[in-house]
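Scroll down for the structure; my scribbles are underneath it.
Residue numbers (our numbering): 215 to 493.
In structure tokens, the structure reads:
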């Protein structure tokens, strides 16, 4: 006679099955739409992260920005970075930190930076922006003693109590600064959506090649530019910042929130003329 499965054992098996299904669902099946017409892309699991584990992956990521403490008055704090139910969660909140550096007060926020750098490739996250004037941002960046290169895949103000147009604006930006010559190039496209960005989950992508940089929102191209200057390996960054001189600080009714990332996926380009580089 077969033994009956005890209720608690059955529940445990079902939970394990559901977790396995969730993990399988998040694994790579088809390539993203921007890569569908070429075989010259390779998924890179050592750079990507599904955020399914119980522990933040300190081999891949810093739980802050190692060279920057945040945009005043908001202070990056590692305690504001966590994994929860298969999501990377960056928290911003109204908070005063004892003995904080001068100028940092009122808010704390969060930053995550990759420990490796990449040159070219396709970058994608599925995320839910923070419902706050503290930003939600996904960007690539490298500074050195001579120049600074930066590609902002997006910067989003999820809530603005004085100008609601920001809540529907997806900023896609490039910066290039050469310090000795005081050369500075900064441009952006303010892509408008019909929906409030913080009310939904979005898929944000960027294709970066030697020839061009292309931004995507939910699989649709929203910006393209010639790649004139962005040819150095860059770190991968997710963060939340205060922007007092751009869209303004959170109102008294805005206490911050969470910027939640379901996954980050990266594909390198493998054709010899435009090969990606991972450091």
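The beta carbon of each residue, even a glycine, is placed where N, CA and C say it ideally should be.
- The straight-line gap separating the alpha-carbon atoms of residue 449 and residue 354 is approximately 5 Å.
- Put simply, the backbone Cα of residue 473 is about 16 Å away from that of residue 457.
- Checking the DSSP bridge columns, you'll see residue 363 partnered with 356 and 390.
- Put simply, the backbone Cα of residue 278 is about 29 Å away from that of residue 424.
- For the pair residue 344 and residue 300, the CB atoms are not nearer than the 8 Å cut-off.
- In this chain, the beta strand (DSSP E) harbouring residue 335 covers 335-342.
- Counting only the Cα atoms, residue 387 lies some 17 Å from residue 381.
- If you look at residue 471, you'll find it in the beta strand (DSSP E) that goes 470-483.
- Within the DSSP bridge table, the entry for residue 245 names no partner.
- Each residue's CA atom was taken as its position, placing residue 398 and residue 416 some 31 Å apart.
- By the Cβ neighbour-count rule, residue 322 is buried, with 16 or more other Cβ atoms within 10 Å of its own.
- For the pair residue 260 and residue 491, the Cα-to-Cα distance works out to about 13 Å.
- The Cβ atoms of residue 265 and residue 289 lie no closer than 8 Å to each other.
- Your pair residue 315 and residue 283 checks out as a contact, with CB atoms roughly 6 Å apart and the cut at 8 Å.
- In this chain, residue 264 is not harboured by any beta strand (DSSP E), its DSSP state being neither H nor E.
- For residue 380, the secondary structure class from DSSP, reduced to helix, strand or coil, is helix.
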